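Read through the structure below, which is laid out as structure tokens, and then see the notes.
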Amino acid sequence: GQNIDQPTEMTATEGAIVQINCTYQTSGFNGLFWYQQHAGEAPTFLSYNVLDGLEEKGRFSSFLSRSKGYSYLLLKELQMKDSASYLCAVDNTDKLIFGTGTRLQVFP
Amino acid sequence: GAVVSQHPSRVICKSGTSVKIECRSLDFQATTMFWYRQFPKQSLMLMATSNEGSKATYEQGVEKDKFLINHASLTLSTLTVTSAHPEDSSFYICSASLGSANEQFFGPGTRLTVL
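Chain order of the listed sequences is V and C. So the first sequence is numbered by our numbering: it starts at 2 and just counts up by one. So the second sequence is numbered by our numbering: it starts at 543 and just counts up by one.
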């Protein structure tokens, strides 16, 4: 089967750092996406990791370990507007398989 | 570039009626379109993959006779929810791709409420 797990909910304080984990077990793997989704809206692309390691893009960074089936999204200098759901998704060659999603709430 | 639209954005219908949702790629030709369903506080679940001019490939557990998908052109795919019931109420999102699954552009979604 295909399993992609994330914590259901997380909370953090404005200005802090938060790490959202994603573990996966899939039949195929080409890469891993992270998306941000605000309620009632479509997902927006954050990152795509193919190789092991950390990729930094402004306040957001994403890490991948293919051997461990593990990825995380790191959000720095949190802002209130970062309150949203964060979805990891495995690129399974002919389709994307989405994780369970993590709802992040940022408090002042 | 790479804009995908959906119409309507919201629809409310009575139980037993059929609802059609359109997904259009506005500035590129999409050889593949994907249809997802998202229930409240849950993640996106792929329903089907459609390639222009051929039958859609449905995911396990998705009834192809209930969710009719047509991909008649490279810029338009439609999803018809036939004989809708309250349990079909959900957020339906399409995405369009130039061919590979790792380059999908998402539409804004359609909120379906069945009374």
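Note that CB positions come from ideal geometry on N, CA and C, so glycine has one too. Note that the coordinates shown come from a computational prediction; the quantities given were computed from them, not determined experimentally.
Shown here is that no member of the region 54 to 72 of chain V has a Cβ falling below 7 Å from a Cβ of chain C. Against V:Gly-32, the close residues of chain C are Asn-644, in the order they occur along the chain (beta-carbon pairs closer than 8 Å). Assignment of V:Lys-82 by DSSP, reduced to helix, strand and coil, places it in the helix class. According to the DSSP assignment, V:Ala-43 belongs to no beta strand (DSSP E), since it is labelled neither H nor E. In this structure, DSSP gives V:Glu-10 an extended state, which the three-state scheme calls strand. Per DSSP, the beta bridge partners of C:His-549 are C:Glu-564. Of all residues in the region 90 to 109 of chain V, only Ala-90, Asp-92, Asn-93, Thr-94, Asp-95, Lys-96, Leu-97, Ile-98, Phe-99, Gly-100, Thr-101, Gly-102, Arg-104 place a beta-carbon less than 9 Å from a beta-carbon of chain C. Within the same chain, Met-575, Ala-598, Ile-611, His-613, Ser-619 come within 6 Å of C:Ser-592 by CB-CB distance, once the 5 residues on both sides are set aside. The region 599 to 607 of chain C makes contact with the region 573 to 589 of chain C, as at least three CB pairs between them are under 8 Å. Closest by C-alpha distance to C:Leu-654, out of C:Val-623, C:Thr-573, C:Ala-643, is C:Val-623. Buried is the label assigned to C:Leu-621, since at least 16 other Cβ atoms lie within 10 Å of its Cβ.
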